[in-house]
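Everything below concerns the one structure shown next.
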Amino acid sequence: MMNIEGDMRLVDGRGFDKVKLDKAGFEKVRSIHYNWYLHSIKAIMGQLGKDMLPKLNASSRRKFLRCLNDIVDKRDLVSAARCLIEAKDKLESEKLYRTRPVARQGIIH
(Lines of atoms letter the chains of each structure in order from A and count residues from 1; the text may use other names and numbers.)
(Lines give C-alpha, C1' and ligand atoms only; values in the text may rest on other atoms or scores of the structure.)
Protein backbone atom coordinates (compact mmCIF):
# COMPACT_ATOMS: atom_id res chain seq x y z
CA MET A 1 0.00 0.00 0.00
CA MET A 2 1.32 3.49 -0.80
CA ASN A 3 1.45 6.16 1.83
CA ILE A 4 1.44 9.90 1.09
CA GLU A 5 5.19 10.00 0.44
CA GLY A 6 4.84 7.31 -2.20
CA ASP A 7 6.94 4.52 -0.72
CA MET A 8 5.65 0.97 -0.90
CA ARG A 9 5.08 -0.98 2.30
CA LEU A 10 3.37 -4.23 3.03
CA VAL A 11 0.25 -3.74 5.06
CA ASP A 12 -0.34 -5.84 8.11
CA GLY A 13 -3.87 -6.62 9.22
CA ARG A 14 -3.85 -4.58 12.43
CA GLY A 15 -5.42 -1.40 10.99
CA PHE A 16 -8.14 -3.16 9.03
CA ASP A 17 -10.17 -4.11 12.08
CA LYS A 18 -11.08 -0.45 12.45
CA VAL A 19 -12.49 -0.15 8.92
CA LYS A 20 -14.31 -3.46 8.58
CA LEU A 21 -18.00 -3.17 7.82
CA ASP A 22 -20.67 -5.17 9.52
CA LYS A 23 -23.61 -6.43 7.48
CA ALA A 24 -25.70 -3.28 8.05
CA GLY A 25 -22.77 -1.01 7.15
CA PHE A 26 -22.07 -3.03 4.02
CA GLU A 27 -25.72 -2.74 2.95
CA LYS A 28 -25.62 1.04 3.46
CA VAL A 29 -22.48 1.38 1.33
CA ARG A 30 -23.92 -0.94 -1.31
CA SER A 31 -27.12 1.12 -1.40
CA ILE A 32 -25.16 4.36 -1.78
CA HIS A 33 -23.13 2.94 -4.65
CA TYR A 34 -26.22 1.53 -6.34
CA ASN A 35 -27.97 4.90 -6.11
CA TRP A 36 -24.88 6.61 -7.58
CA TYR A 37 -24.97 4.07 -10.41
CA LEU A 38 -28.68 4.69 -11.07
CA HIS A 39 -28.14 8.45 -10.99
CA SER A 40 -25.22 8.22 -13.44
CA ILE A 41 -27.07 6.00 -15.90
CA LYS A 42 -30.17 8.20 -15.70
CA ALA A 43 -28.01 11.27 -16.39
CA ILE A 44 -26.50 9.65 -19.47
CA MET A 45 -29.91 8.51 -20.71
CA GLY A 46 -31.36 11.95 -20.01
CA GLN A 47 -28.63 13.58 -22.07
CA LEU A 48 -29.22 11.14 -24.92
CA GLY A 49 -32.93 11.97 -24.86
CA LYS A 50 -32.25 15.69 -24.64
CA ASP A 51 -29.93 15.51 -27.67
CA MET A 52 -32.38 13.39 -29.67
CA LEU A 53 -35.59 15.28 -28.90
CA PRO A 54 -35.08 18.27 -31.24
CA LYS A 55 -34.05 15.93 -34.07
CA LEU A 56 -37.34 13.98 -34.01
CA ASN A 57 -40.32 15.00 -36.09
CA ALA A 58 -43.42 16.20 -34.22
CA SER A 59 -45.17 12.82 -34.23
CA SER A 60 -42.11 10.90 -33.04
CA ARG A 61 -41.40 13.55 -30.42
CA ARG A 62 -44.93 13.23 -28.97
CA LYS A 63 -44.67 9.44 -28.98
CA PHE A 64 -41.27 9.56 -27.24
CA LEU A 65 -42.47 11.99 -24.57
CA ARG A 66 -45.66 9.97 -24.01
CA CYS A 67 -43.58 6.81 -23.63
CA LEU A 68 -41.40 8.47 -20.98
CA ASN A 69 -44.40 9.99 -19.23
CA ASP A 70 -46.12 6.59 -18.98
CA ILE A 71 -43.28 5.17 -16.85
CA VAL A 72 -44.72 4.75 -13.36
CA ASP A 73 -41.51 4.14 -11.40
CA LYS A 74 -39.00 6.84 -12.33
CA ARG A 75 -36.18 4.48 -11.27
CA ASP A 76 -37.21 2.05 -14.03
CA LEU A 77 -34.19 2.26 -16.32
CA VAL A 78 -35.37 -0.58 -18.56
CA SER A 79 -38.57 1.20 -19.59
CA ALA A 80 -36.71 4.47 -20.14
CA ALA A 81 -34.13 2.62 -22.25
CA ARG A 82 -36.92 1.09 -24.35
CA CYS A 83 -38.35 4.56 -25.00
CA LEU A 84 -34.90 5.83 -26.01
CA ILE A 85 -34.22 2.88 -28.29
CA GLU A 86 -37.60 3.19 -29.99
CA ALA A 87 -37.07 6.93 -30.55
CA LYS A 88 -33.50 6.36 -31.79
CA ASP A 89 -34.68 3.69 -34.23
CA LYS A 90 -37.39 6.03 -35.49
CA LEU A 91 -34.84 8.83 -35.92
CA GLU A 92 -32.47 6.54 -37.83
CA SER A 93 -35.27 5.35 -40.14
CA GLU A 94 -36.29 8.98 -40.78
CA LYS A 95 -32.68 9.86 -41.64
CA LEU A 96 -32.45 6.87 -43.97
CA TYR A 97 -35.73 7.79 -45.66
CA ARG A 98 -34.64 11.42 -46.15
CA THR A 99 -31.24 10.52 -47.59
CA ARG A 100 -32.46 7.78 -49.94
CA PRO A 101 -32.18 8.99 -53.55
CA VAL A 102 -35.42 9.39 -55.43
CA ALA A 103 -35.66 6.99 -58.36
CA ARG A 104 -36.32 8.70 -61.67
CA GLN A 105 -38.74 6.84 -63.83
CA GLY A 106 -39.22 7.28 -67.54
CA ILE A 107 -35.84 8.88 -68.23
CA ILE A 108 -33.64 7.08 -70.71
CA HIS A 109 -30.00 8.03 -71.08
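Its first residue numbered 0, the sequence shown is counted upward by one per residue in numbering that gives the first Met the number 0.
Glycine residues also receive a C-beta, built at the ideal position from the N, C-alpha and C atoms.
Asked                                                                                                                                          : Found
Provide the residue span of the alpha helix (DSSP H) that contains V77, from first to last.                                                    : 76-98
Given a threshold of 16 other Cβ atoms within 10 Å of its Cβ, counted over all protein chains shown, does A57 qualify as buried or as exposed? : exposed
When DSSP labels each residue in this structure, what does I43 get in the three-state scheme?                                                  : helix
Please tell me whether K89 and L47 are closer than 8 Å, where the distance is taken between their beta carbons.                                : no
Classify D16 as helix, strand or coil using the three-state DSSP reduction.                                                                    : helix
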